[in-house]
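Here's the structure, in structure tokens; my notes come after.
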Amino acid sequence: MKTPARRTFLRQLGQGTLSSFAVPLFGADLLSSWKAAGLDNLQNNAEGYWELVKAQFHFAKGLHYFNNASLGASSAHIQQATNTFRNTLDGFPSKYMWGGWEDEKEVVRKKAAALFSVTPEEIALTHNTTEGMNLIARSFDLQPGDEVILANHEHASGTIPWEVWQETKGITLVRPTLPILPKTVSDLVEVYEKAITPKTKVISMCHIVNTNGMVLPVKEVAKMAHQKGILVAVDGAQSAGMFRINLKDLNCDFYTASSHKWLFSPKGVGLFYAKKESQKHLKPLIVARGHTDTSIRRLENYNTRNLPEVLGLGASIDFHNTIGGDRIHERTFELKTYFRSKLEGDPRFTIKTPAPDTLSGAIQVIEVNGRDVVAVKEKLWEEYGIDCRPMTGKGLNALRLSFAIYITKKDIDYLVDALNDLAG
Ligand SMILES: Cc1ncc(COP(=O)(O)O)c(C=O)c1O
């Protein structure tokens with residue numbers, strides 16, 4: 043068994059970044075520079091291709107970042123584009139904040155709509171998932187006795203808005219328990235089916251839960267819910283950008299996402315989808331001049347706002363598309379399978395994320411059996427420079443590991459060696 047050199051990592055961190063300037067870094071004309079380097083051709087050594095993708099991200103020296111589910115990094119291209127927008131804005135602030143970038147903003151909306159196979163009139167450019175969840179929960183005029191289903195793995199951002207904005211009105215939050223290791227999609231659909239009553243008005247569910255990376259069956263639940271006149275709101279914080287998503291096909295009513303995770307956008311930028319027919323239920327969280335706009339733009343009208351970051355989201359979608367949504371999709375499952383193949387069945391570990399691709403993607407959680415996860419996480423950080431998130435709730439006691447596109451198989455080998463080393 044190969045053992046990574048143990049070291050005190052903290053002493054070495056923070057001096058510069060890891061970017062290797064021996065590999066091409068891509069500038070404003072992303073697609074042409076990508077093509078010029080032959081990167082649009084996967085016939086190259088496939089792992090070499092992903093090494094080049096990794097080189098577009100500038101992590102702190104010595105950091106092994108497996109924590110994308112907490113927060114993504116922006117590639118050099120996305121950083122450059124956003125900085126350029128910031129410089130432009132500061133060159134003539136009033137012009138760009140008040141109308142100068144209207145067309146550019148609409149281009150971002152179109153790109154986001156295409157990414158999710160919906161229309162631009164169904165996309166609002168928001169700040170994050172939490173905002174979208176507040177927007178949904180605050181919009182509804184629910185009555186005493188009405189029920190909202192929120193399974194026990196929902197993130198605080200998806201539960202607190204219901205508690206604060208609606209619970210005082212006497213509605214009931216129904217909290218069914220999801221199995222941690224479902225074998226099939228039906229195991230999860232069944233939980234939602236049983237929780238529905240004639241009083242259910244809304245089901246609010248994650249697309250991917252942040253606890254153990256399980257994918258929830260949005261399409262199946264939406265189909266079942268709509269037959270009973272129930273609306274479905276989806277927390278897409280962990281899914282937007284991780285794999286192909288066709289919101290028309292999923293057919294949920296609302297989908298709220300943070301592009302600063304798996305789309306690598308500037309921080310504090312989010313996407314909000316509302317199906318055309320379901321937009322009538324929504325009211326803006328903030329009202330400002332322009333609030334009488336009947337289009338979806340009324341939901342993103344905050345007056346002065348972070349426009350360079352919003353336009354930077356356009357650059358992050360370009361980055362995603364240059365690599366290719368299909369390629370990213372396949373890579374997600376390739377990395378997951380590679381990781382699992384190294385540790386599955388080893389009696390020293392328990393993988394607490396369901397295996398099938400219909401039930402999980404690039405987030406996997408693993409317990410080092412019999413060891414406190416917080417202590418294991420600390421050791422990984424201090425001795426190997428590995429950052430990940432310890433998940434202590436729901437009986438997990440497990441490390442949450444994210445395999446974003448800047449993670450290579452070599453990185454996974456390093457991680458697995460460290461885990462083997464710690465497990466003894
Ligand atoms: C499932 C889920 N929902 C919501 C959020 C909150 O995201 P944000 O802070 O970007 O709104 C997170 C963050 O990790 C998440 O994992």
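In terms of this note's numbering, the sequence shown has 337 at position 295, counting the first letter as 1, and numbering is strictly consecutive. Yeah, the Cβ is synthetic: ideal placement off N, Cα and C, and Gly gets one too.
DSSP bridge partner residues for residue i (one or two, in chain order)
i	result
Met433	Ala440
Glu489	What is shown of the chain runs 43 to 466, which leaves residue 489 out entirely.
Leu273	Val244
Gln406	Leu443
Ile428	His106
Ala237	DSSP, once it has assigned bridges, lists no residue as partnering Ala237.
Leu313	Leu167, Ala299
Ala282	Phe285
Val352	DSSP output for Val352 lists no bridge partner at all.
Ile370	Answer by DSSP bridge pairing: none, since Ile370 is not bridged.
Val257	Ile250
Phe391	Val410
Residue i classed as buried or exposed, judged by whether at least 16 other C-beta atoms fall within 10 angstroms
i	result
Phe134	exposed
Ser301	buried
Lys225	exposed
Ala282	buried
Ser159	exposed
Lys280	Before going on, a small fix: residue 280 reads as Gln here, not Lys. With 16 or more other Cβ atoms within 10 Å, it is buried.
Ser74	exposed
His42	The structure shown does not extend to residue 42, since the chain is modelled only from 43 through 466, so no value can be given for it.
Glu409	buried
Pro398	exposed
Val206	exposed
Glu89	exposed
Leu486	Residue 486 falls outside the range modelled here, since the chain spans only 43 to 466, and no answer is possible.
Asp183	exposed
Thr346	exposed
Asp277	buried
Ser246	buried
Pro259	buried
Lys318	exposed
Leu113	exposed
Ser307	buried
Gln406	buried
Neighbourhood of residue i by C-beta, 8 Å cutoff - its chain only, sequence neighbours within 5 removed
i	result
Ile454	Leu377, Tyr380, Phe381, Lys384, Phe445
Glu173	Thr298, Gly312, Phe314, Leu327
Asn194	Arg217, Pro218, Thr219, Leu220, Lys436
Glu342	Ala166, Leu167, Thr168, Phe314
Leu310	With the sequence shown as reference, residue 310 is identified as Gly, and Leu is not the correct amino acid for it. For Gly310, where only same-chain residues beyond five positions count, the Cβ hits under 8 Å are His169, Asn170, His302, Asn348, Glu351.
Gly403	Ile250, Gly255, Val257, Ser281, Met284, Phe285, Thr374, Phe375, Lys378
Ala330	Asn343, Tyr344, Asn345
Ala460	Pro46, Leu422, Glu425, Tyr426, Ile428
Residue i CB to nearest heavy atom of ligand 1 below 7 Å
i	result
Asp277	yes
Gly283	no
His197	yes
Asn125	no
Cys294	no
Thr3	Not covered by the structure: residue 3. The range shown for the chain is 43 to 466.
Cys248	yes
Thr395	no
Asn109	no
Gly200	yes
Ser228	no
Asn252	yes
Ser300	yes
Thr434	no
Gln280	yes
Ser307	no
Ser358	no
Ser112	yes
Thr400	no
Thr172	yes
Neighbourhood of residue i by C-beta distance below 6 Å, restricted to the same chain and skipping five residues each side
i	result
Ala357	Ile120, Ala123
Lys261	Leu292
His106	Gly427, Ile428
Lys325	Ser181
Thr161	Ala155
Residues of its chain near residue i, where Cβ-Cβ distance is below 7 Å and the 5 sequence neighbours each way are ignored
i	result
Asp360	Leu72
Ser136	none
Met175	Ser199, Gly200, Pro203, Asp277, Thr298
Glu209	Leu215
Lys451	Glu89, Tyr380
Val150	Leu167, Val352, Leu353, Leu355, Gly356
Test: residue i CB closer than 8 Å to a CB of chain D
i	result
Leu289	Absent here is chain D; the protein component of the structure consists of one chain.
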